[in-house]
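Inspection log for the structure reproduced underneath, given as structure tokens.
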Amino acid sequence: MHSVCVPKQVDFDLLAVFLMQEMDPTLHIRDIIEMVVDQFGHKFNPPTSPDHSTLAGAFKNQSQQLDPNLIPLKPSLPQNTLQSQIHHAALSVQITIQHYDRTPMTCIPFCLRHPTYLDVLSHSIEMEKKCTILPNKGMVVLTDEAGICVGVGIPPIPLDEDNLWVETDRRALNALNSMVGICKWNTAKDKIVYSQSPPLGPLQMPHPIDMINKGETRDPKPKSEAPSLRPLQTRSQINTTKKPEDHFQKSKNKTQEPKEEDPIRKPTGKTTISFQQYGFGLGDIKSTGMQDLKIPLDKKGIKSIELQGHGIGWKTPTVIPSLPIPQRDSPNASDNREMVRIRNEMCYYSALSLWINKAFLPQSISIAEKAVKYLLEDGCDLLKQNLAFEKNKVIASRTISLNTQITTHRDKKNALLFDSNCFFGNHLGGEFLLPSLGVAYHGLQGYSFHGPLRILLHGVAKFCFPVDLKEPPRRFSVAFWSRGSSFSLVGRVAAYKLGNKVFNLSEYWIPFYPKYDPNSVEEELSLQKRSSRIRSRHKKNQADVSQKKSKLI
1 MHSVCVPKQV DFDLLAVFLM QEMDPTLHIR DIIEMVVDQF GHKFNPPTSP DHSTLAGAFK
61 NQSQQLDPNL IPLKPSLPQN TLQSQIHHAA LSVQITIQHY DRTPMTCIPF CLRHPTYLDV
121 LSHSIEMEKK CTILPNKGMV VLTDEAGICV GVGIPPIPLD EDNLWVETDR RALNALNSMV
181 GICKWNTAKD KIVYSQSPPL GPLQMPHPID MINKGETRDP KPKSEAPSLR PLQTRSQINT
241 TKKPEDHFQK SKNKTQEPKE EDPIRKPTGK TTISFQQYGF GLGDIKSTGM QDLKIPLDKK
301 GIKSIELQGH GIGWKTPTVI PSLPIPQRDS PNASDNREMV RIRNEMCYYS ALSLWINKAF
361 LPQSISIAEK AVKYLLEDGC DLLKQNLAFE KNKVIASRTI SLNTQITTHR DKKNALLFDS
421 NCFFGNHLGG EFLLPSLGVA YHGLQGYSFH GPLRILLHGV AKFCFPVDLK EPPRRFSVAF
481 WSRGSSFSLV GRVAAYKLGN KVFNLSEYWI PFYPKYDPNS VEEELSLQKR SSRIRSRHKK
541 NQADVSQKKS KLI
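Reminder that position 82 of the sequence shown reads as 82 in full-length UniProt numbering, one-by-one numbering, no gaps.
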């Protein structure tokens, strides 16, 4: 698969855009680098000593309160995953800029042509209208100008000519179709578009990115008010005083007259469902002070005294650090049963997501697996039970969407791993858009895209269904992802249980994305392929033995 891949370099700088997103969208990249390097130093040196927090101005007397007027020492080492990732990115982008400053006749790097995140957004808005479709034969590997892989496209497995087994994409689609009826999904027939072919010309987006949403939200939101959908009232029709008989009249009308349908009322049934194997829900008090916080800024730069994990305030946490727990979007029993079935029927795609991460991000996946091992040893019983059946314990969360046209966005809370988006259905069009890169990947039955979707803006082109379609119109998107906080929480809990000498153990910090190494990727994917064949032969031999035993009996 990888040996015959199609490599393509895109005009982008993943490191620089990550810095802009995590710091301030209005700051120039040169100013961001100056702030970060001034705070964390000029060397790639993650903390290794148990008392490195003293470099951040920590007091030796832990009972002493933090003096708000004290200016912590600089440079101070990063104290959590996010700070380390930002520091690494700043040092790397600094090298790029310094190289250009020394040789100005070379091509201007992406980060200086688009020096703020607002500039990157404007560029993405323009490129979203010009996305070119990538090849649909063989694996596609995208790299940015620094040689970092920013995406991997995988086509469906070729059909089995002997019909010895059900294709993996057909098996997944059958399970998804079954789920729609059982879980009472909203099929929204009034929104279905039928056509012999997708719209001609450039790819069209029903909910493109703009400078209002800035790619921060996934679901298209209606305007706060929709006056055009409601009849206008004259002053005489508006009565601000209520008569005593009004309440009785309203109650009477409620029972006797059918309620008039609201034209902007949301249709019943869901179009998206998520299943998170481990993490904390929004607003969960147990996550207080443990998730990696954004670096605080003011007009002068980084507010050192407020940096998470610096000083001594973290040594007396308001909430005892605890490990993440299983999360579900719905407590409905049928939903949960079907999500288990989806897990079993989509095991190939779950394993594919793991293989891609192992091949392209070997160090990152090794650290993430170490964190998962900690969860299996010290997590709650329900978490251990759920993970025991997962093919991919690292990227174990799933989001399934039906016939949904999402807003172009980024998944800003995900870990710095490769998320996966898999597509199924009988639709036409629906390409997976990557406007910042100026490309789109195929979104038809069995195709999948894997990449750093925490950073990359992504959306879906308009899709439709054939006019002569005999089956129900279905277009599914299945995303595999993991929360960044789940891994940083493990580091915080582990540090606390070891005496709370450091804020977060660096051995659980997922690094930034490495440069693409074709030889290493090919070696890892070949190893995974050989091991899967060995497992398949082992299962086949076990089946043959059981059949022989049954005949003897």
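Backbone N, C-alpha and C fix where the C-beta goes; we use that ideal spot for every residue, glycine too.
Host alpha helix (DSSP H) of V93 (start-end)
81–102
Given a cut-off of 8 angstroms, decide if V394 and S322 are closer than it, judged by their beta-carbon atoms.
no
Quick check: the stretch 8–18 against the stretch 108–121, are at least 3 beta-carbon pairs closer than 8 angstroms?
yes
Go through its chain and collect everything with a Cβ distance to V36's Cβ below 7 angstroms, but skip five positions before and after it.
I86, H87, A90
State the start and end residues of the unbroken alpha helix (DSSP H) segment that holds P362.
362–378
Just to confirm the assignment, what range does the alpha helix (DSSP H) spanning K74 have?
No alpha helix (DSSP H) contains K74, which DSSP labels as neither H nor E.
Should residue 554 go down as buried or exposed, given a rule of 16 or more other Cβ atoms within 10 Å for buried?
There is simply no residue 554 to check, as the chain begins at 1 and stops at 553 in what is shown.
Taking three-plus beta-carbon pairs below 8 angstroms as touching, is the stretch 449–469 in contact with the stretch 402–411?
yes
Find the nearest neighbour of P317 within the set V439, K529, N386, Y496, judged by alpha-carbon distance.
Y496
State buried or exposed for V141, treating a residue as buried only when at least 16 other CB atoms are found within 10 Å of its CB.
buried
Under the three-state DSSP convention, the category A479 falls into
strand
Say whether chain B places a C-beta atom closer than 8 angstroms to the C-beta of I455.
Among the chains of the structure shown, chain B does not appear; only one protein chain is present.
Taking C-beta to C-beta, are S448 and Y349 nearer than 8 angstroms?
yes
Just list the residues that DSSP pairs F432 with in beta bridges.
Y441, V460
State the CB to CB distance for the pair L416 and S366, rounded to an integer number of angstroms; the pair is presumed to be in contact (CB under 8 angstroms).
About 14 angstroms separates the two Cβ atoms, so there is no contact after all.
Among V319, I295, N344, whose alpha-carbon lies nearest the alpha-carbon of H310?
I295
If you draw a straight line from the alpha carbon of S488 to that of N504, how long is it in whole angstroms?
8 angstroms
Excluding five sequence neighbours on each side, which residues of the same chain lie with their C-beta closer than 7 angstroms to the C-beta of N421?
F432, S448, F449, S477, A479
Whose C-alpha, out of H99, M127, W185, I182, is nearest the C-alpha of A146?
H99
Does the Cβ of Y441 have 16 or more other Cβ atoms within 10 Å, making it buried, or fewer, making it exposed?
buried
Taking one C-beta from the stretch 178–186 and one from the stretch 123–131 each time, how about it: are there three or more such pairs within less than 8 angstroms?
no
For E369, which residues in the same chain have their Cβ closer than 7 angstroms to its Cβ, ignoring the five residues on either side in sequence?
V394
Less than 8 angstroms between the CB atoms is what I'm expecting for residue 639 and K462, so what's the real figure, rounded?
Outside the displayed range of the chain (1 to 553) lies residue 639, so it cannot be described from this structure.
Own chain, CB closer than 6 angstroms to E338, minus 5 neighbours either side, in chain order
M179, I182, C183
Compare the Cα-Cα distances from residue 556 to each of W355, N344, Y508 and report the closest residue.
The structure shown has nothing for residue 556, since the chain only spans 1 to 553.
Determine the contact status of K270 and N174, defining contact as a CB-CB distance below 8 angstroms.
no
Which stretch, first to last residue, makes up the beta strand (DSSP E) that contains R113?
Not the beta strand (DSSP E): R113 falls in the alpha helix (DSSP H), residues 110–113.
In terms of alpha-carbon separation, which member of I154, S397, I302, F360 lies closest to F512?
F360
Residues bridged to F465 [DSSP beta-bridge criterion]:
Y194
The alpha helix (DSSP H) enclosing T399, as first and last residue numbers
Taken as a continuous stretch (DSSP letters only), T399 belongs to no alpha helix (DSSP H), being part of the beta strand (DSSP E) at 397–402.
Residues that DSSP places opposite V140 in a beta bridge
V6, G153
Quick check on DSSP: helix, strand or coil for Q39?
helix
Would Y194 and V439 be called neighbours here (beta carbons separated by less than 8 angstroms)?
no
Where does T26 fall in DSSP's three states?
coil
Considering H427, what are the terminal residues of the beta strand (DSSP E) in which it resides?
First-last for H427: undefined, no H or E at that position.
Shortest alpha-carbon distance to I510 belongs to which of Y278, K303, F418?
F418
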